[in-house]
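First residue of the sequence shown? That's 714 in our numbering, and the numbers climb one at a time after it.
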Amino acid sequence: MFDIAWSHLAVIALVALLVIGPKDLPRVLRTVGTWVGKARAVAREFQSSLDQMVREAELDEIKRQVEAASTVNLERELENTIDPGGEMERSLKAPELTAPTPVLTPPSSPPAEPASAEPGAAAPPPAEPVKSAAHD
Numbered sequence: 714m715f716d717i718a719w720s721h722l723a724v725i726a727l728v729a730l731l732v733i734g735p736k737d738l739p740r741v742l743r744t745v746g747t748w749v750g751k752a753r754a755v756a757r758e759f760q761s762s763l764d765q766m767v768r769e770a771e772l773d774e775i776k777r778q779v780e781a782a783s784t785v786n787l788e789r790e791l792e793n794t795i796d797p798g799g800e801m802e803r804s805l806k807a808p809e810l811t812a813p814t815p816v817l818t819p820p821s822s823p824p825a826e827p828a829s830a831e832p833g834a835a836a837p838p839p840a841e842p843v844k845s846a847a848h849d
């Protein structure tokens, strides 16, 4: 971490033993150990806060991607993927029927006389014109 070799630690321990003395050395080492533990706890908390911020940033990005994906009209996207020109849709549509054009027939001859009820019966005689009394 600080690139301190064992030889450096031995020198520091010898100086501490001479300066502090053998009587107070355990209490000083306990205090130093407590400070080191607190420093490690602060470093660990700082690291976890950074990790949490990174996760939240990633989650925010993922959330934006999900929101962008949810606004997509899936039906339209499928239609554009399968039939981009709309050719299949037009081919599957029912044909539009238009009104038939009237057929013109040539004028017909005068209506024929009705057939008699019996096949062998003679046709009735033509009706005679009615004479008026003023002409006699």
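The beta carbon of each residue, even a glycine, is placed where N, CA and C say it ideally should be.
These figures come from a predicted structure and were not determined experimentally.
For Val755, the enclosing alpha helix (DSSP H) stretches over residues 738-783. Annotation for Leu817: no alpha helix (DSSP H) segment contains it, and DSSP assigns it neither H nor E. Between Thr784 and Arg777, the alpha-carbon positions lie close to 11 Å from each other. Under the DSSP assignment, Ile725 falls in the alpha helix (DSSP H) whose first and last residues are 719-733.
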